[in-house]
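Input: a single structure, listed below in structure tokens.
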Amino acid sequence: MGEYLKLIQNAQNAFAFLAFDKLNKGGGIDHYDKDKGVYNINDTGKKIIGKSPHMITVFYLIEQAINKYTHVLLIGETGTGKELVAKALHYNSTRHRPLNNNYVIVNCSFHNKDLLSTELFGYSRGAFTSADPSGKIGAFEEAVDGTIVLDEIGDMTLDVQKTLLRVLEERRFHRLGRGKDIDLSNTRVIASTNKDLAELVRIGEFREDLFYRLEQTVICLPPLRERAGEDLKAIVEYFAGTSGFISDKILEEIKSTNFPGNFRGLENIILRGKSLGFDQITDEVLAILILYMKAQSYLLNGGSIGSNDLSIGQYGSEKDGHNGELPTLNVQELRDLALRRALEQTKGNKKKAARITGIDFRTINRIIKRETGS
-17 MGEYLKLIQN AQNAFAFLAF DKLNKGGGID HYDKDKGVYN INDTGKKIIG KSPHMITVFY
43 LIEQAINKYT HVLLIGETGT GKELVAKALH YNSTRHRPLN NNYVIVNCSF HNKDLLSTEL
103 FGYSRGAFTS ADPSGKIGAF EEAVDGTIVL DEIGDMTLDV QKTLLRVLEE RRFHRLGRGK
163 DIDLSNTRVI ASTNKDLAEL VRIGEFREDL FYRLEQTVIC LPPLRERAGE DLKAIVEYFA
223 GTSGFISDKI LEEIKSTNFP GNFRGLENII LRGKSLGFDQ ITDEVLAILI LYMKAQSYLL
283 NGGSIGSNDL SIGQYGSEKD GHNGELPTLN VQELRDLALR RALEQTKGNK KKAARITGID
343 FRTINRIIKR ETGS
């Protein structure tokens, strides 16, 4: 973690005192249900889960920025909830409702310099030779009086950064080519990144003046491995749709596991468990699913089938019928277990089983042939 990110996290820790003081005095944080540990996002059905000081501070910062048109910079690894926070800033605001409900996201890493410029700012009729004769409405124009989210802004080229800086300073822009000025004075700009922008500034890949323009409000989101146990338990139970079953041991396993995509990765393995026919996502099921994910990663990185380096450990309980101890499964046994579950769930449909498990069709046929001898 860079020095800038440490500084931001320390600042957020200081804000925690203000947030808890407000809660303890009965003032509450709007949209936050303290008893359930849930921050609700209007109009979307989405929620952000958290009871820990770090997350309550995040909710406090959202509420401080929500009805002000300051720029907001969201920092966090992939899958830590930056998009949910951006939606909260938009949909929970009272200012956007009388004006425009447009919420526009542009992924800055998906476009080269020229494409990103036209995606953001559009162009007028006849702006260049290959231009659409009718012109193009850009993302900023779509987001007028609403919210524009510049996702992965750390990947934006320096040329586009220069144009963006001018737009943010003047609060207006015009399409490429001829066109009238478009007012952005009531448009919220949110930038998000999984990179250390301060480090990019240091090495000359991000403009310092744009960096300071964006960081009027900074919200730093913690990765899965840094979330407190009470948060993690609530998140797993929210994804699983049940409560009261997660043990401290499996929570420690989750915290120590490198989930690709953080919370999104955790949600994906729980959804995979449901698709495999597990009605209850118990400790045992979670342990198997985590091992299955590790096994996939192991194989993709050149590991061989049959390795016993990966084991579930002791996560079961007496009610699971394992007396607190689960069997060790090697990669091949785990893959076969997942496939059997998928075939049962799909009534023998191999194509659906392949889609559920991620095991390719030829491998499925080979496993079935090996097990049946036909």
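Note that the numbering used here numbers the sequence shown so that position 6 is -12, with each residue one more than the last. C-beta atoms are modelled at their ideal positions from N, C-alpha and C, and glycine is treated no differently.
Cβ neighbours of residue 190 in the same chain (closer than 6 angstroms, five flanking residues each side left out):
183
Pull up the DSSP beta-bridge partners for residue 22, would you.
29
Taking the DSSP output, what are the residues bridged to residue 172?
54 and 131
Measuring alpha carbon to alpha carbon, tell me which of 134, 139 and 129 ends up nearest residue 166.
129
Nonlocal neighbours in the same chain, by C-beta distance under 6 angstroms from residue 153, ignoring five residues either side:
166 and 167
C-alpha gap between residue 15 and residue 176, whole angstroms
28 angstroms
Between the alpha carbons of residue 43 and residue 31, how many angstroms are there, rounded?
15 angstroms
Comparing alpha-carbon positions, which option in 135, 10 and 75 lies nearest residue 87?
135
Whole angstroms is fine: what's the gap from residue 196's alpha carbon to residue 178's?
13 angstroms
Run of the alpha helix (DSSP H) containing residue 349, from where it starts to where it stops:
343 to 354
Here's the rule: buried if 16 or more other CB atoms are within 10 angstroms of the residue's CB, otherwise exposed. What is residue 422?
Only positions -17 to 356 of the chain appear in the structure, and residue 422 is not among them; the question remains open.
Among residues of its own chain, excluding the 5 on either side of residue 51, which ones have a beta-carbon nearer than 8 angstroms to its beta-carbon?
77, 167, 168, 169 and 170
Residues in the same chain with beta-carbon distance under 6 angstroms from residue 174, minus the five sequence neighbours each way, listed in chain order, please.
56, 64 and 133
Out of 323, 99 and 260, state which residue places its alpha-carbon closest to the alpha-carbon of residue 144.
99
Any 3 or more C-beta pairs closer than 8 angstroms across the region 211 to 223 and the region 65 to 73
no
Spatial neighbours of residue 53 within its chain, please: CB distance less than 6 angstroms, with the 5 preceding and 5 following residues excluded, ordered by chain position.
171, 196 and 198
Three-state secondary structure (DSSP) of residue 118:
strand
Could you have a look at residue 89 and say whether DSSP puts it in helix, strand or coil?
strand
Beta-carbon spacing of residue 250, residue 207 below 9 angstroms
no
Threshold first: 3 residues or longer. Then list the beta strand (DSSP E) segments lying entirely within the region 191 to 266, N to C.
199 to 202
For the ligand COA, is there any heavy atom lying closer than 8 angstroms to the beta carbon of residue 332?
Looking at this structure, you won't find the ligand COA or any other ligand, since it has none at all.
Taking buried to mean at least 16 other C-beta atoms within 10 Å of its own C-beta, is residue 119 buried or exposed?
exposed
DSSP three-state call for residue 337: helix, strand or coil?
helix
Please state whether the Cβ-Cβ distance between residue 73 and residue 41 is less than 9 angstroms.
no
Helix, strand or coil, according to DSSP, for residue 158 in the structure here?
strand
Rounded to whole angstroms, what is the Cα-Cα separation between residue 291 and residue 101?
With a pLDDT of 45 at residue 291, under the threshold of 50, the modelled position of this residue cannot be trusted; read the value that follows with caution. About 48 angstroms.
For residue 38, name the three-state secondary structure that DSSP assigns.
helix
Buried or exposed: where does residue 202 fall if 16 or more other Cβ atoms within 10 Å of its Cβ makes it buried?
buried
Can you say whether residue 97 is buried or exposed, counting buried as having 16 or more other CB atoms within 10 angstroms of its CB?
exposed
Could you check if residue 274 is buried or exposed, using at least 16 other CB atoms within 10 Å of its CB as the buried criterion?
buried
Give every residue of the same chain whose Cβ lies closer than 8 angstroms to the Cβ of residue 93, excluding the five residues on either side of it in the sequence, and list them in chain order.
101
In whole angstroms, give me the CA-to-CA distance for residue 351 and residue 245.
37 angstroms
Using only alpha-carbon positions, find the residue among 333, 229 and 238 that is nearest to residue 267.
229
Start and end of the alpha helix (DSSP H) containing residue 141?
140 to 152
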